[in-house]
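Colleague:
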Amino acid sequence: MLITEHKDFISETELQTLWALCVCSDNWRFGQKSNNDTVYPMWFQGYYDTFRSQYKPGIPEKIVEIGDRFIDLIGEEYCLVRNMLAGNTFGQDGDIHDDWPVAAESITGVLYLNRRWEDNWGGETLVYNNDNTSEVVISKFEAGKLITFDGSNPHIGKGPQRACGELRCILAMQAVKVNVWQEHLDKQRKKS
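For any residue, its number in my numbering is found by taking its place in the sequence shown, counting from 1, and adding 128.
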């Protein structure tokens, strides 16, 4: 199975809270790329300082709580390395990319945040198997649903269709096995 779906990972009240505190905030920046080889940026809010292994100052407590819940779900052998809000409008598909180079070392989570979403608006997530050709799973956009998958699997978040006037919003989280992450950080420190 390429993905695992966790329907109603957050409640309607939590969706409302996240929308008010995060989506409707003035913290949006434009320029995040899911693949450094492209020139197709998207809207984003970065909540986690990856190399310090801590949340950035002033992050809403609800974001921290959901990140903790993600780690509780996947297991304590993982540590959080990314937590960010991503937004796409019509014409702003992401890029096919992976979040980690080695299978079975990282888990990616995508939490759908739009409370109202129609099927014909698109916005689905596609997750491919590691050879990027023989199998693909499509996860339909559903409010409050979290999908998890191996971070080494290529994937893409599709932007909304032109019938949609909304910003497609997801909370993207990534975790890496603690020992693997520590080795990665040690290598980075030796380079600097």
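Glycine included, each C-beta is placed from N, C-alpha and C at the ideal position.
1. By Cβ distance, which residues of its chain are closer than 7 Å to Ala-231, with the 5 residues on each side in sequence left out?
2. By DSSP, does Gln-302 sit in helix, in strand, or in coil?
3. Quick one: is Pro-288 buried, meaning 16 or more other Cβ sit within 10 Å of its Cβ, or exposed?
4. Can you tell me whether Phe-198 is helix, strand or coil according to DSSP?
5. Do you know offhand how far Leu-299's Cα is from Gly-272's?
6. So is Pro-282 buried or exposed if we call it buried at 16+ other beta carbons inside 10 Å?
7. Going by C-alpha to C-alpha distance, which of Ala-303, Ile-275, His-312, Val-306 sits closest to Lys-135?
8. Which residue spans inside the segment 213-246 form an unbroken beta strand (DSSP E) run of at least 3?
9. Return the CA-CA distance between Trp-249 and Thr-132, expressed in angstroms with no decimal places.
10. Label Asn-211 either buried or exposed according to how many other C-beta atoms from any shown protein chain fall within 10 Å of its C-beta, with 16 as the threshold for buried.
11. From Ala-214 to Lys-319, what distance separates their C-alpha atoms?
12. Does Trp-171 come out as helix, strand or coil in the three-state DSSP assignment?
13. Please report the distance separating the alpha-carbon of Cys-297 from that of Asp-221.
Modeller: Based on what the coordinates show:
1. Here the set comprises Asn-258, Asp-278, Ser-280.
2. Correct three-state label for Gln-302: strand.
3. Taking every protein chain shown into account, the CB of Pro-288 has 16 or more other CB atoms within 10 angstroms, so this residue is buried.
4. Three-state DSSP puts Phe-198 in a helix.
5. For Leu-299 and Gly-272, the distance between alpha carbons rounds to 10 Å.
6. With at least 16 other beta carbons inside 10 angstroms of its own, Pro-282 counts as buried.
7. Closest by alpha carbon: Ile-275.
8. Restricted to the segment 213-246, the beta strand (DSSP E) segments that are unbroken, complete and at least 3 residues in length are 234-240, listed in chain order.
9. Answer to the nearest angstrom: the Cα atoms are 22 Å apart.
10. Taking all protein chains in view, the Cβ of Asn-211 is crowded by 16 or more other Cβ atoms within 10 Å, so the residue is classified as buried.
11. In this model, Ala-214 and Lys-319 are separated by some 30 Å (Cα to Cα).
12. Strand.
13. C-alpha separation (whole angstroms): 12 Å.
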